[in-house]
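In terms of the working numbering, the sequence shown has 110 at position 110, counting the first letter as 1, and numbering is strictly consecutive. In this text, a Cβ means the ideal position worked out from N, Cα and C, and glycines have one as well.
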Amino acid sequence: MHPELSKRLVRLQLDEALAEPDLFPDRVVLEEWAYPDLYLRFTTVVLRERLLHLDLVNYDFQPAAIEAVDPVTRELLGTDNRLTRDGGQFPNHRLLGRPFLCVTGTRAYYLHESHRPQVTGERWEARRGDFRLVDLIRFAAGKFASGSWR
């Protein structure tokens, strides 16, 4: 809604995440940030490189969009190298037409038919005040470190 406000909010929250002790160990790297795009590189427990793209456009108004992308080309992952969770696939998202990272507090989560506010009664705005980038980064880092995401 307000690009400069959104950009400042991202910068503040990113600075908070960067200042967090142990959030960026050697297996988590802030690869690039140029508003509205944030790229984070993770090394999985099987030493595979994974790159997450966070689209933070209108972050003052809507949740972050998060996608696993190719670590070299930054294109969406093909079916042969998709991110997996706990040994299985991520659920399909009918609106997106592909599997998605089903993470509470992200854009695709609230657009999924089973997570829409009309179904769950939970709206993004209710989480907005206490859901920060540091939380999203910590969540993803934990999933990769535990081997839950590969």
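In the structure shown, the three-state DSSP call for residue 122 is coil. Residue 118 and residue 103 have their alpha carbons spaced roughly 18 Å apart.
DSSP places residue 94 outside any beta strand (DSSP E), giving it a letter other than H or E. Annotation: residue 138 to residue 84 spans about 18 Å, alpha carbon to alpha carbon.
Contact between the region 9-23 and the region 115-133 is established, with three or more Cβ pairs separated by less than 8 Å. The beta-carbon distance between residue 56 and residue 67, rounded to whole angstroms, is 12 Å. This is too long to meet the 8 Å contact definition.
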